[in-house]
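Some notes on the structure that comes next.
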Amino acid sequence: MDGMSEANDYLRVMVRNPKGTVNTESDTFEISYKDISIKEATMKDVKSVKLSADYLSETSRLNLYVEVEMESGKTLLARYENTCSEAKLPELNNQYELNGEALTIGSVLKWSNATTGATTYYFYNEADVTEPQDGLNGLTVTLAAEATETTFDLSTVDPAQVSVKYGAFQNTENTTGSLTIEARNNVLTLAIDAEEGDNHLRAAYSGAFTFGFESQNYIKVTKGETPEEAALAKVFVYKSKTNELTFGMVDAETPADLMKGTFAVSVNLSDSQLKDGTVDLSQLVLGQPAAQIRLFDYTLYQTWDNAKIGEGVTGTITGKTGRRQNLPE
């Protein structure tokens with residue numbers, strides 16, 4: 200194939216399923232030979248086209264028929280009934296590849312937007328990347344909130360709901376191929392095999408990832424090795440001698456409604472701590488923490504209270520106008 204490409208003297212036929220006659224009005228296909236190029240975007244230049252491709256994998260035999268007449272008067276006729284070798288692409292192992300050029304995946308990020316509900320996955324060749332970087336040319340997969348599946352047919356999916364970008368590759372309505380992406384039990388799995396015009400993108404990954412949020416309004420609770428995250432839609436404030444801030448995993452109308460979620464948190468801060476201060480939860484004052492934090496586990500109906508635990512608690516709480524609360528891990 201490399202020799203044919205260098206000589207620029209080859210017929211290229213692309214069909215989704217080589218099982219007989221192709222409906223050139225509705226099926227996805229491409230035909231190209233030198234300056235003749237037939238695909239959806241160029242059909243206005245085509246007077247007539249007939250295409251049949253039937254490949255039998257058991258015998259490696261291809262029956263191919265191509266008949267094209269362009270509006271310019273040029274014609275193309277091809278008939279082939281013989282063996283056809285099936286090219287095997289090299290297997291990818293934690294890599295992404297565009298047009299045969301593969302790179303190792305060194306960092307993976309899962310970044311959620313709490314406002315829109317969209318999630319973007321970043322795959323970088325560089326190692327130790329912990330947040331999205333504009334200067335790095337990585338592979339990105341963005342799923343809108345409505346895209347809840349894990350496997351997508353890129354020929355039928357709405358590009359506004361599922362977006363795949365890397366280098367010159369950007370999926371459109373004309374893209375063919377598939378995408379599988381899933382994050383479960385701290386392991387992210389990715390598989391891409393897609394074509395858009397002359398660009399062929401493949402990717403395969405299974406491993407660890409870092410996750411974060413584009414919006415600062417979020418809550419994440421990790422129990423054991425299982426993280427659970429949600430948009431932080433509302434914070435309830437009760438003012439007494441201290442400021443008691445209560446929030447949880449659901450958009451609640453009242454503090455009692457937080458029990459509809461899996462977890463809720465209550466933090467007590469003084470006015471100075473809330474306005475501009477950082478509390479080190481590992482340090483005790485007269486045997487008590489400088490700030491109290493309670494975690495309510497509604498799945499087990501248990502309460503974790505650092506004021507009762509005493510020593511052994513680590514983490515920080517930072518209060519600052521317009522900034523997020525950093526809770527202990």
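Note that the working numbering has the sequence shown beginning at 200, numbered continuously upward.
A virtual CB, placed ideally from N, CA and C, is assigned to each residue, including glycine.
For clarity, every value in this text was computed on a predicted model and none was experimentally measured.
Query                                                                                                         : Result
Length of the line joining the Cα atoms of Leu-275 and Val-265                                                : 7 Å
Any alpha helix (DSSP H) of 4 or more consecutive residues that is wholly inside the region 229-263           : none
Between the CA atoms of Glu-285 and Leu-338 - distance to the nearest angstrom                                : 28 Å
Through-space distance from Thr-453 to Gly-514, alpha-carbon basis                                            : 28 Å
Alpha-carbon spacing of Tyr-295 relative to Asn-398, whole angstroms                                          : 13 Å
Cβ-based neighbour list, Pro-217, same chain, cut-off 8 Å, excluding 5 preceding and 5 following              : Ala-252, Asp-253, Tyr-254, Leu-261
First and last residue of the uninterrupted beta strand (DSSP E) at Ile-418                                   : 417-422
Beta carbon of Ser-531 nearer than 9 Å to that of Asn-370                                                     : In the structure as shown, the chain begins at 200 and stops at 528. Residue 531 is therefore absent and cannot be evaluated.
Three-state secondary structure (DSSP) of Pro-527                                                             : Note that Pro-527 scores a pLDDT of 43, beneath 50, so its modelled location is shaky and nothing firm can be said.
Met-448, buried or exposed, once every other Cβ within 10 Å from all chains shown has been counted against 16 : buried
Three-way DSSP call (helix, strand, coil) for Gln-472 in this model                                           : helix
Rounded Cβ spacing between Phe-408 and Val-307 (contact assumed at less than 8 Å)                             : 4 Å
Ile-391 to Glu-428 span [Cα, whole Å]                                                                         : 26 Å
Span of the beta strand (DSSP E), counted from its first residue to its last, around Ile-304                  : Careful: Ile-304 lies outside any beta strand (DSSP E) and carries neither H nor E.
Secondary structure of Leu-442, DSSP reduced to three states                                                  : Note that residue 442 is Asn in the sequence shown here, rather than Leu. It is a strand residue.
Stretch-stretch touch, CB-based, cutoff 8 Å, three pairs: the region 463-470 with the region 487-499          : yes
Helix, strand or coil at Asp-397 according to DSSP, with G and I counted as helix                             : coil
Selection from Ser-231, Asn-292, Leu-288, Leu-263 that minimises the alpha carbon distance to Tyr-279         : Leu-263
Sequence-distant residues of its chain with Cβ nearer than 7 Å to Ala-344 (five each side left out)           : Thr-315, Gly-316, Ala-317
Per-residue burial, Ile-508 [other beta carbons within 10 Å of its own, 16 or more giving buried]             : exposed
Alpha-carbon spacing of Leu-353 relative to Tyr-323, whole angstroms                                          : 22 Å
Beta carbon of Gln-360 nearer than 9 Å to that of Ala-382                                                     : no
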